[in-house]
Each structure stands twice: as structure tokens, then as C-alpha cells.
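Counting from 1, one number per residue, gives the positions in the sequence shown under the working numbering.
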Amino acid sequence: MKSKIYEQVTVRDLDLRIRIERLATLDQRKLAQMTRILLQKAVQEKEEELGLPPIDDEAA
1 MKSKIYEQVT VRDLDLRIRI ERLATLDQRK LAQMTRILLQ KAVQEKEEEL
51 GLPPIDDEAA
């Protein structure tokens with residue numbers, strides 16, 4: 001019997017969770033994977049907006 005892996009994405013905004021679930025379903029991705037993709041994109045855009053260098057360059 002194959003065990004089911006349960007993903008957990010916790011947000012206080014139910015509407016936001018439903019929107020992410022809809023995008024994940026349309027893209028045939030798991031909820032956690034879609035959340036990670038969206039969060040990475042949002043963080044990258046904000047870093048670029050603020051003119052921050054990539055973490056690798058900053059740490060060197």
C-alpha cells in the first residue's frame with residue numbers, strides 16, 4: 001500500500017490558500033511546490049525593486 005504524503009501550507013488568509021490551490025491544480029503541481037515557486041518569484045521581484053544583490057554576491 002502506497003503511503004500518502006500530506007503537504008501543509010499554513011496561511012491565515014483562506015482566500016489566499018484557495019487561490020494558490022487553484023493555481024497549483026491548473027499547473028498540475030503540489031500545493032507546497034506552487035507556494036514555493038510563487039514566494040521565490042515575489043521575493044526576487046522585491047529584491048530587484050530594492051536594488052539588493054543576490055545573497056551569494058553579498059556573502060562573498
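In this text, a Cβ means the ideal position worked out from N, Cα and C, and glycines have one as well.
- Here DSSP, grouped into helix, strand and coil, assigns R12 to coil.
- With fewer than 16 other Cβ atoms inside 10 Å of its own Cβ, A42 counts as exposed.
- In the three-state scheme derived from DSSP, where H, G and I count as helix and E and B as strand, D56 is classed as helix.
- The Cβ neighbour count for T10, taken over all protein chains shown within 10 Å, is under 16; the residue is labelled exposed.
- DSSP places K30 in no alpha helix (DSSP H); its state is neither H nor E.
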